[in-house]
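The sequence shown runs -32 to -1, 1 to 1169 under mature numbering (1 follows the signal peptide of the UniProt record, and there is no 0). Even glycine gets a Cβ: it sits at the ideal position worked out from N, Cα and C. Scroll down for the structure; my scribbles are underneath it.
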Amino acid sequence: MNRWRRRIRGARLAVAAALIWAVLPQSGAAQAASDPCGPGANPIVCENSKAGSPTSEWFAPNAYGDIKGFSTKESVQAGDTVRFKIQSPAPYRVEVYRLGWYGGDGARLMSTAAQAAVTYPANYTTSPAGCETRSSTGLVDCGNWPVTVTWTVPGDAVSGLYIANLAQTDGDGMMPYPFVVRDDDSTSDIVVQTSDQTWQAYNDYGGQDLYGGAGPAPDGRAYEVSYNRPLDIGGDNGIYGSEFMMLSWLERNGYDVSYLSGVDVSAKGDTLLKKHQVYMSSGHDEYWTQSQYSHVLAARKAGVRQAYFSGNEVFWKTRLAPSIDGTNTDGRTLVCYKMTKMAQNNGVADPSGTWTGTWMDPASTRYGQDYQPPNILTGSMFTVNGYRSDAITVPGSYGRNRIWRDTSIADLTAGRTATFPTGTLGYEWDSDIENSTRPAGAIDVSSTTVDINDGKLRMDWGNVYGNGTATHSLVEFRDQDSGALVFGAGTVQWAWGLTNIPTYDPEDTVVTEDARMQQATVNILADMGVQPLTPQSDLVAATASTDTTGPAVTVTAPVSGTTVPALKPVTIKGTATDRGGGVVARVEVSTDGGATWRAATGLTSWTYSWTPTTPGSASVKVRAVDDSVNIGTVTTIPVTVGPQACPCTVWPASAVPGTVNAGDGSSVELGVKVRTTVAGSITAVRFYKSPANTGTHTGSLWSASGTRLATGTFSNETASGWQQLNFATPVTVKANTTYVASYFAPNGGYSYDAAYFAGSDAGLTPLTALKSGTDGGNGVYRYTSTSAFPSTQSTGSNYWVDVVLDTSTATTTPPTVTSTSPTSGATDTSITSTVSAVFSASVDSDDLTFTVKDPSGNTVPGTVTVPAADKVTFTPSSQLSLRTTYTASVRGSDVWGNTMARPVTWSFTTSSTPPPVTCPCTLWRPSAEPAVTDMTTDTNSVELGTRFTSSADGWVTGITFYKGTGNTGTHTGSLWSGAGTLLASGTFVNETEAGWQTLVFGTPVKITAGTAYVASYHAPHGRYAVNGGYFAAPHQSYPLTATADTTAHHNGLYQYGSDPAFPTSSYGSANYWVGPVLTADDPSASPATVTSSEPTTSTVRYTADAASPLVARVPDGAGPSSVKATLTVLPGSEAATAKKLRVKAVTHYDRATRKAAVHLTAPLPDGTRFEVTVTAKDRHRHTVMSRSWTLTAKTVRHPKN
């Protein structure tokens, strides 16, 4: 997968290589015979007995300089001619080497072909413009270059991987180009396939490859690449990454081996592979065609053993197509549209209709393809992307497996671990995934768990990579038809532990060969029936296993016929015993009829945790596998799965999303609709967390209409998996009622499964997540910067949110009323009071009757709400009458369906005096703040209003509204009659950036008690503050009331338009946070003034002006003698105190007009700041009025006559 590579110039390479090879050991002491090339000799042994070429002469991991070239075929038969097409700025030579062991030299020179003089410099070009191209796919095909050099392969040439070094004679350039010499008649023990498709996938000659560049895909990659191109990837993604190490070790030890290219296996593997005992893939074998896959699988079914000393193998599915160089040569174009990337809008479908995405992607089945993930072939699936350099580890519990015989690992005790050289687990690697395509009876013979924190862990089918934990295992299994043994190393660089061959970068630490890995490889191949002819002296000969009998298992729990609860973990346990002379390597359990098998914990004594999901009859199947990969007899235990027991959830703790990380990093609220068939309490909300789902998460429970019932912040989260928030107070829920559970993901990274709720409910009775369409769509979300109700419905997507339901709180006893407010018989109740009752249990708001009646039996208009689970409140639409006895009556049911036998009634009497009015007053306190301060989705010019009444006459002096930061422009405010007559308007000035803004009218407007008016403001750019559903009930702030939104008289008013207009539309009883500023006193009353008592300019004396007093209205019920005025000189005034000046405020009360006139007994010095306050009390000595003025004394001069 990784595109990382390095280039190093030739002189540096030669020196580095010489230094490395100077310390390498020579060939092993043991040889097959005194004459390795005598009659009947093995070709590999004979070939490697010949003198090699020093590494300094031939080894270069990457190309350098300007010489470019390639061969016209990826492989040739011995006796065929290899044709090279080369471009160079200088004379050059072509040196052909066969790669192998050769006593440690690693290669043998086979031929040197000089460039023909007639081709220089006519065939040289400095850019790939001389190649044929297909811009729609990014294909660059240089097959139109002329043939410049040929080499006829000797008829007796030994099959192998050959390298043609294209070298400028001036030493300034060299390009190594690999090709295969095959022997189609060979019946060698082992046939090794090269990873040539992967070489070409990473080859960016021409400007792009299958990963990036200047291609047509959104990420710049090409959809097609050609074999007809120069190749510069000898390093990590080429032959010197690890393929060379593998073949060198094989030939060092005299294994009978021949070679094929990946193209060969794709084209004719159906006939060639079955001639051999073992098929081998090594290194970075990432790209496979369908025919290649099918031929290899068919060979296994026919008994060919298979060894995958490779990693990231069989990942991208490809197809081969003809060249576009004019010859239409088959198999020269490699096609891979990487259709898996279409899920991220990063590509297009293969126009052929063939799936060319990852082999593991289930989307392949939508294109008529069988689902064939790589573990069907290799036992593993790619999980960790490059570049990684980890080490394989073998815990002591695996040491007795036969793969480790004759190594120190076999002697490991429990708790100890063997560690192989760094890099042996890399640079990309796989994991053993327990899915439905995992090979039957596969065993792990090592275990290495790594925390991946560099963003390299595969999170989906091949698009998204992140952080988390991955476990690598060496895997073995047998084909269940043929018995053929398969080994999967699951790592690109297994061969790093086999030989001291240079890596692709000589600057890296030299990898030392590891005797344990060498012996294990000998053991694996011996079990596959092949032996080395010239083994290293320190290796022990191994023989194939003769064990053909699998282990026996005994299940001790559960007992046959047991009933277990659904969605609760059940412990299955027992013992296992090997019967064929080996050891138990795995115990596995199936609870789905044998479709999938999962490993138990332990071997001879084992346990397994099972969470049954479906009530009814079920069976537990258990089997064991030994270290020769023999599967024992299955033991079956029948059980019955009973109903779910609560506390319960929709999904068990073992449930894992199909897509752990959806790859969306946006801030979002995600939710699910749930119902319960019985009443109970929701005690918690939970969600499945991916490693990418970071930040602080909050969880909430909502009613279906969007009322938040509970919320909290998740704490003590783990890096991934299920997280749970326990509510401080559980929420009682009703049966057969929809609720929404949600959580807020500030950085996205949520889990996701598309169309999960499209076909059915999820979960078991009594708790289910609803099928889409039952109550609207399920799988709800909302993109938002803060937690909010997830109101957008998906097409049935599951975002893996859940609740915990407790049904133990249910009861069969009807509820009772435990307290009321006002209490029964109460007197002097405020006329602004609400009426409420508290119950002994949570009440059902859908089965509730609450009335308040006056003495004549008339029902008081009002609204019933349930502010708490056990509390019911009646809010009168307007203030109650003075000195009146009312009767309240309430009857209801609790959420468990228990109904009161009869209503509870009680009476109370209101006060004879109205409550005190402290004005100026508004509908909301200055600390009130909207739920949504900035409606960013609406930027239209709009008038927003609130319908209101007042319980007392008064004057509206202005308009106030709440402003969010996005609510910009010039705002105007208006007061309207209920019928739409404009009474006053003005422009807001000196606004702050956000918060409450106030407009003061030039002339206050007198309003009448009990009459409806509308206060509004104009937002030219929208983005207003809003609370949905606010005016479902009236809002009171005595003496003001914002009326409820009803069919007859709507509230929460708006009118779209560029100019201010009377707002008449409404939606969802929304509150747009605008209201009047009211004063109960006439604001036009003049403050006290001062006048000159003597018309002189030299001596000025001041007196109070009784003709222009302060005037205040006094409420009904106030005692005339209680009307008082006080004077306070404010701090900071330089004048003497009023007491020293003997100045007082005095009142004159007019009972007929209920007005108090206030003036000063004497003038105050010019500039003195002072406050005058008028108060009044009723007969109960309750203050019913308090009115204040803050003033500054002024000098009024009269001209001298």
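Query: Cβ shell of GLN461 (< 7 Å), same chain only, five flanking positions each side left out; Result: SER210, GLY391, THR392, GLY394, TYR395
Query: Close beta carbons around LEU215, own chain, < 8 Å, minus the five adjacent residues each side; Result: LEU67, GLY68, GLY128, LEU129, VAL160, VAL225, TYR227, SER250
Query: The segment 555 to 563 touching the segment 637 to 644, judged by at least three CB pairs closer than 8 Å; Result: no
Query: Beta strand (DSSP E) runs wholly inside the segment 619 to 654, at least 3 long, in chain order; Result: 636 to 644
Query: Three CB pairs or more closer than 8 Å across the segment 904 to 918 and the segment 982 to 991; Result: yes
Query: Alpha-carbon to alpha-carbon, ARG591 and THR603; Result: 6 Å
Query: Presumed contact (8 Å Cβ cut-off) between TYR435 and GLY423, rounded CB distance; Result: It is Asn, not Tyr, that sits at residue 435 in the sequence shown. Their Cβ separation, rounded to whole angstroms, is 6 Å, which keeps ASN435 and GLY423 in contact under 8 Å.
Query: Same chain, Cβ closer than 8 Å to ARG76, five either side skipped, listed in chain order; Result: GLU15, LYS18, ALA19, GLY20, SER21, TYR65, ARG66, GLY68, TYR70
Query: Host beta strand (DSSP E) of LEU67 (start-end); Result: 60 to 67
Query: Contacting residues, own chain, Cβ-Cβ under 8 Å from ARG426 (five flanking each side not counted); Result: PHE350, THR351, VAL352, ASN353, VAL432, TYR433
Query: Assigned exposure category for GLU402 - 16 Cβ within 10 Å defines buried; Result: exposed
Query: Terminal residues of the alpha helix (DSSP H) in which PRO606 lies; Result: From DSSP, PRO606 is part of no alpha helix (DSSP H) but of the beta strand (DSSP E) over 603 to 612.
Query: Three-state secondary structure assigned by DSSP to VAL1114; Result: strand
Query: Neighbourhood of CYS304 by C-beta distance below 6 Å, restricted to the same chain and skipping five residues each side; Result: LEU178, TRP284, THR286, THR324
Query: Counted within 10 angstroms of its Cβ, other Cβ atoms place ALA534 as buried (16 or more) or exposed; Result: buried
Query: Distance between GLU1139 and SER1154 (C-alpha atoms, nearest Å); Result: 13 Å
Query: Nonlocal neighbours in the same chain, by C-beta distance under 6 Å from ASP140, ignoring five residues either side; Result: GLY33
Query: Spatially closest choice to ILE207 from GLY183, TYR170, LEU241, by CA coordinates; Result: TYR170
Query: Short Cβ contact (8 Å threshold) for GLY937 with PRO988; Result: yes
Query: Which of helix, strand or coil DSSP assigns to ASP164; Result: helix
Query: Top-ranked residue by Cα proximity to GLY865, from VAL803, ALA722, GLN45, THR700; Result: THR700
Query: 8 Å Cβ cutoff met for PRO1051 and THR925; Result: yes
Query: Sequence-distant residues of the same chain with beta carbon closer than 6 Å to LYS243, five excluded per side; Result: THR155
Query: PRO1088 - DSSP class collapsed to helix/strand/coil; Result: helix
Query: Spatially closest choice to ALA1001 from THR1121, LYS1112, SER846, by CA coordinates; Result: SER846
Query: Nearest residue (CA-CA) to LEU442, options VAL121, ALA463, THR417, VAL413; Result: VAL413
Query: Residues sharing a beta bridge with VAL552, DSSP; Result: ASP594
Query: Nearest-angstrom Cα separation, counted from GLY279 out to THR387; Result: 19 Å
Query: Start and end residues, alpha helix (DSSP H) containing ALA1016; Result: Element bounds for ALA1016: n/a, residue is neither H nor E.
Query: Coil, strand or helix - ALA568 by DSSP; Result: coil
Query: Member of PHE757, TRP874, VAL863, SER450 whose CA lies at the smallest distance from the CA of ALA794; Result: TRP874
Query: Which of helix, strand or coil DSSP assigns to ASP449; Result: coil
Query: Beta-carbon proximity check, SER1037 vs GLY997, cutoff 8 Å; Result: yes
Query: Proximity below 8 Å, CB of TYR191 to CB of THR326; Result: no
Query: Under 8 Å between C-beta atoms of TRP464 and PRO580; Result: no
Query: Cβ shell of THR779 (< 8 Å), same chain only, five flanking positions each side left out; Result: ALA809, ASP862, TRP864, ASN866
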